[in-house]
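Protein chains in written order, with our numbering: chain A, 3 to 201; chain Z, 3 to 201.
Here a beta-carbon is modelled for each residue, glycine too, at the ideal position from N, C-alpha and C.
Small disclaimer: the values here were computed from a predicted structure and weren't measured.
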């Protein structure tokens, strides 16, 4: 819109570049920041600079890390024979909350998406293959999202890794626990039927 | 949630303090910033610091301003006899878009809201009265939002200013009641300005 004076418009434009922040939100946040005591606004600015300076990617699994390795890769009690492949660092947090998994992770930093022009070469796929070769990995769990991009990525990785003689598994799709058969969409319910197991 | 390592969590917490940014959005924005080239993230941080350093409040009307006076108060062609009272600087932009108004503004920086503990003493009401006394103001247009807080503020100001012998007007309804000045289209808002009536 460009209706404000210099630095205010610059701030609104910068905020508007953030994901999920539209022009109106950017304006609202900008005025909120202008009304804030300077030290509070400065704390936000500092936290951005500080995070960028101190946080980088784990050189082994590409999770976020302070220093060379992330906390999961530093943890010697973790089982290096099983690697759980996820799209983003936040997915690790979701898996960790289950307390079901004690292996290591590998973060692709995205998923294959032809529409957005993201191919395997933009993801940490090569690094995953190097790890599989160098570490004594026995099972790769494909825990990409159960949507089009995530499924395509899982298929691609399965085709790539299976010929190497490793066990490759995919997290199950099905009805959410506590859910209702009546309200399930047909794709999910179909997948739940397909993946049925003996009781 | 506090599940991330030091600086990342600090960043998420700071982002989560912004209006309209919930925990999930804060996390999404934080990871977006971590993925961004350092100079892009730095540009956002700098724009915050820069805006805080260079932008302050107009000493006359309390709009945002670089320097002592805002662009409307500096503009000598503006009619100082008519003052349009609004809640926030963004409301000035909305009024300007109508191209119906050539007077000056006064920004209250909020509205009376007992629920949020905001009384007239928290707004720029005293400064408005001083202006009315010192400048040769003939008409005060109350252009606070047509919602409960804005109406209450308009009533309060009308009771305060009318006894001083000034013409006090309120923008007409035409704006949907319960709505927000910021989101009004210019035709509706123009009609509302045009049809203002004495309180």
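- DSSP, reduced to helix, strand and coil, places residue 75 of chain Z within a helical segment of the structure shown.
- With fewer than 16 other Cβ atoms from the protein chains shown falling within 10 Å of its own Cβ, residue 96 of chain A counts as exposed.
- Residues of the region 91 to 121 of chain Z that bring their beta carbon within less than 7 Å of a beta carbon in chain A comprise 91, 92 and 95, in sequence order.
- Between the region 29 to 46 of chain A and the region 62 to 77 of chain A, the count of Cβ pairs shorter than 8 Å is below three; the stretches do not touch.
- Interface residue (Cβ-Cβ distance to chain A less than 8 Å): residue 53 of chain Z is classified as such.
- Per DSSP, residue 35 of chain A is one residue of the alpha helix (DSSP H) stretching across 25 to 37.
- Within the region 114 to 194 of chain Z, the complete beta strand (DSSP E) runs of at least 3 residues fall at 141 to 144 and 169 to 172.
- Within chain A, the C-beta atoms nearer than 7 Å to that of residue 57 of chain Z come from 9, 10 and 36, in chain order.
- Membership of residue 55 of chain Z in the alpha helix (DSSP H) is indicated by the continuous run 40 to 56.
- Judged by DSSP secondary structure, residue 12 of chain Z falls within the alpha helix (DSSP H) whose first and last residues are 8 to 18.
- Take the alpha-carbon of residue 61 of chain Z and the one of residue 153 of chain A: they are about 59 Å apart.
- Contact annotation: in the region 16 to 41 of chain A, residues whose CB is within less than 9 Å of a CB in chain Z are 16, 17, 19, 20, 21, 22, 23, 26, 27, 29, 30, 31, 32, 33, 34, 35, 36, 37, 38 and 40.
- Listed in chain order, the positions of the region 59 to 80 of chain Z with a beta carbon within less than 7 Å of a beta carbon of chain A are 66, 68 and 73.
- Chain A places a beta carbon closer than 8 Å to that of residue 43 of chain Z, counting this residue as a contact.
- Beta-bridge annotation (DSSP): residue 105 of chain A is paired with A:81.
- Annotation for residue 83 of chain Z: 105, 138, 139, 140 and 141 place their beta carbon closer than 8 Å to its own, counting only its chain and skipping 5 residues before and after.
- For residue 200 of chain Z, the secondary structure class from DSSP, reduced to helix, strand or coil, is strand.
- Here DSSP, grouped into helix, strand and coil, assigns residue 68 of chain Z to strand.
- Residue 46 of chain Z belongs to the set of residues whose beta carbon lies under 8 Å from a beta carbon in chain A.
- A Cβ-Cβ separation of about 16 Å leaves residue 183 of chain Z out of contact with residue 159 of chain Z under the 8 Å criterion.
- Taking the CA atoms as reference points, residue 194 of chain Z sits about 19 Å from residue 91 of chain Z.
- Excluding sequence positions up to five before and after residue 122 of chain A, its CB lies within less than 7 Å of the CB of 114 and 158, all in the same chain and listed in chain order.
- Under the Cβ criterion of 8 Å, residue 50 of chain Z is counted among the residues facing chain A.
- Comparing C-alpha distances from residue 66 of chain Z to each of Z:200, Z:81, Z:46 and Z:107 shows the shortest one belongs to Z:107.
- Put simply, the CB of residue 13 of chain A is near chain Z, with a gap under 8 Å to one of its CB atoms.
- Note: residue 87 of chain Z is bridge-paired with Z:108 and Z:144 in the DSSP secondary-structure output.
- Excluding the 5 residues flanking it on each side, residue 43 of chain Z has same chain C-beta neighbours closer than 6 Å at 35, in chain order.
- Cβ-Cβ distances below 6 Å link residue 81 of chain Z to 104 and 105 in the same chain, with the five nearest sequence neighbours on each side left out; the list follows chain order.
- In this model, residue 127 of chain A and residue 48 of chain Z are separated by some 35 Å (Cα to Cα).
- Distance check between residue 131 of chain Z and each of Z:89, Z:162 and Z:18 places Z:162 closest, using alpha-carbon atoms only.
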